[in-house]
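One gets this note's numbering by counting positions in the sequence shown from 1 and adding 1 to each. To start, the structure under review is shown below, and the notes come after it.
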Amino acid sequence: AGTSRSADMSGKDEMIRSEEQLHVGKEEYESGRARLHKYVVTEEVTRTVPVSHEEVRVVREPLQPGEKTTGTTDFGEQDVEVTLHAERATVRKEAVPVERVRLETNRVTEQKEVSAEIRKEKIDYADGKDMGTGKDAGGEFGQGRRR
């Protein structure tokens with residue numbers, strides 16, 4: 002009695018068909034840099050401030066006869082001095098904080114389509130007559146090639 006070839010499970014009459022599968026993932030990478038840089042510019046600022054000063058003028062008043070006077074009545078040279086005062090504008094500069102500036106990051110999610118070619122193994126078979134094509138439950142049969 003002969004043995005059937007389909008009952009032979011030694012693995013010599015079978016093949017394993019494989020194919021690539023596409024696994025899509027993501028990774029984080031440094032995509033750029035942003036930085037704040039502070040620098041100084043100079044601009045001219047003009048303000049108006051009221052200032053005053055004293056001016057001297059000579060006032061002459063005739064004396065009435067018999068009018069009493071204060072001070073000396075000595076005849077001769079004499080000096081009288083008056084100190085004059087004035088205001089001048091002064092400038093004082095002070096650095097004061099006016100604004101806080103910072104960088105924030107905001108994560109934006111968008112959809113990206115990725116494509117890649119994958120390879121599949123095809124299995125041809127020859128039954129001694131015609132090359133067959135078709136599908137079975139375990140995979141695909143390729144277009145028949147005669148071997």
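The C-beta atom is built at its ideal place from N, Cα and C for all residues, glycine as well.
Which same chain residues, not among the five before or five after residue i, have their C-beta less than 6 Å away from its C-beta?
i: Arg146; result: For Arg146, the pLDDT reaches just 49, beneath the cut-off of 50, and the residue's location in the model is therefore unreliable, although a value from the coordinates is still provided. Closer than 6 Å at Cβ, skipping near neighbours: Asp125.
Which same chain residues, not among the five before or five after residue i, have their C-beta less than 8 Å away from its C-beta?
i: Ala8; result: Model confidence at Ala8 stands at a pLDDT of 49, short of 50, so the residue's coordinates are unreliable; what they give is reported in the following sentence. Taken in chain order, the list of residues that qualify is empty.
i: Val99; result: none
i: Ala117; result: Leu23
Whole-angstrom Cβ separation of residue i and residue j, contact assumed at under 8 Å?
i: Glu88; j: Val57; result: Not quite, the Cβ-Cβ distance comes to about 16 Å (not below 8 Å), so this is no contact.
i: Glu20; j: Ile119; result: 7 Å
Anyone know if the C-beta pair for residue i and residue j falls short of 8 Å?
i: Val102; j: Leu37; result: yes
i: Thr71; j: Leu64; result: no
i: Val25; j: Val115; result: yes
i: Glu122; j: Arg18; result: yes
i: Glu55; j: His86; result: yes
i: Ala96; j: Val50; result: no
Who are the Cβ neighbours of residue i in its own chain at under 7 Å, not counting the five residues just before and after it?
i: Lys130; result: none
i: Val81; result: none
Going residue by residue through the region 15-79, where are the continuous beta strand (DSSP E) segments of at least 3 residues, counting only ones entirely within it?
None, since the region 15-79 contains no complete beta strand (DSSP E) of that length.
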